[in-house]
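Some notes on the structure that comes next.
Numbering (the UniProt record's numbering), first residue to last: 1 to 265.
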């Protein structure tokens, strides 16, 4: 894989918190591209700067997340196949970490499973770029539709119990499929790592968006859990990862309702 360079050009728009990153990098498919990515300097401004992304309510970065980006121009998979930039998400990762390759390996396994099931694949490509003297890993993915559960109008205004049960059942199905089909256990599907797409009630979907360490682990040979063992573990893990966030989301809605009532008095 050839060494490449990346340069940062500051946005000249006065008062902006963003800059423009012009990146020339080599991908594993032996393609060499120059992409224009919108770069936000911190997560507090990422949601407003990256148009068309899921980051409406920015969350803390994952432990190996160096930035999330969308493309200005289409992404060319091949001469006859291009993906609109708004449908692509670029993730930069710290390639020097020992566990950095795990995410790409897991995403490749997931891609094979999605192709087998006839689903839209998440993983598109990967590689690395060199920014000055630092190597940065690049993961190219299809942008998953949806929003975090607590950002949905359907959650704020609709049947919360029904929607929460849908998310819980959907997560259980996805995580078990990874166990049964790929021999991987995904442990970190906290609310900010899950997108819920409910625009079309007939085709509601759930997407887990973080497959890096410490989220996912390969199951040792002959150590796969039974469905019963998995269910016990999943229920405990769901309560651990979601209960506090659910309580906080409900409290926030209640506080908002109280404030609205006081305004009317």
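Positions of the beta carbon are idealized from the N, C-alpha and C atoms, including for glycine.
- When the Cα atoms are used, residue 260 and residue 89 turn out to be separated by approximately 38 Å.
- With a beta-carbon spacing of about 18 Å, residue 115 and residue 139 fall beyond the 8 Å limit used to define contacts.
- Here residue 195 really is in contact with residue 146; their C-beta atoms are around 4 Å apart, less than 8 Å.
- Inter-residue distance for residue 109 and residue 182 is about 7 Å (C-alpha atoms, whole angstroms).
- C-alpha of residue 124 to C-alpha of residue 258: approximately 46 Å in a straight line.
- Rounded to whole angstroms, the gap between the alpha carbons of residue 150 and residue 105 is 30 Å.
- About 5 Å separates the Cβ atoms of residue 95 and residue 135, confirming a contact at the 8 Å cut-off.
- Straight-line measurement puts the Cα of residue 189 at about 31 Å from the Cα of residue 82.
- By the C-beta density criterion, residue 72 is exposed, having fewer than 16 other C-beta atoms within 10 angstroms.
- Listed in chain order, the non-local C-beta contacts of residue 155 below 7 Å within the same chain comprise 149, 163, local neighbours out to five positions each way being set aside.
- Residue 76 carries a strand assignment under DSSP once its states are collapsed to helix, strand and coil.
- Residue 71 sits in a strand when the DSSP states are folded into three classes.
- Exclusion of the five residues before and after residue 219 leaves 183, 185 as the residues of its chain whose Cβ lies within less than 6 Å of its Cβ.
- Relative to residue 158, the option among 79, 107, 241, 198 whose CA is nearest is 198.
- For residue 161, the uninterrupted alpha helix (DSSP H) run begins and ends at 160 to 177, by DSSP.
- By the Cβ neighbour-count rule, residue 120 is exposed, with fewer than 16 other Cβ atoms within 10 Å of its own.
- Residue 183 sits in coil when the DSSP states are folded into three classes, being neither helix nor strand.
- Here residue 211 is buried. Its C-beta has 16 or more other C-beta atoms within 10 Å.
- Within the segment 135 to 162, the complete alpha helix (DSSP H) segments at least 4 residues long are 153 to 157, listed from N- to C-terminus.
- Collapsing the DSSP output to three states places residue 123 in a strand.
- Going by DSSP, residue 252 is part of the alpha helix (DSSP H) stretching over 227 to 264.
- Here DSSP, grouped into helix, strand and coil, assigns residue 196 to strand.
- For residue 205, the secondary structure class from DSSP, reduced to helix, strand or coil, is strand.
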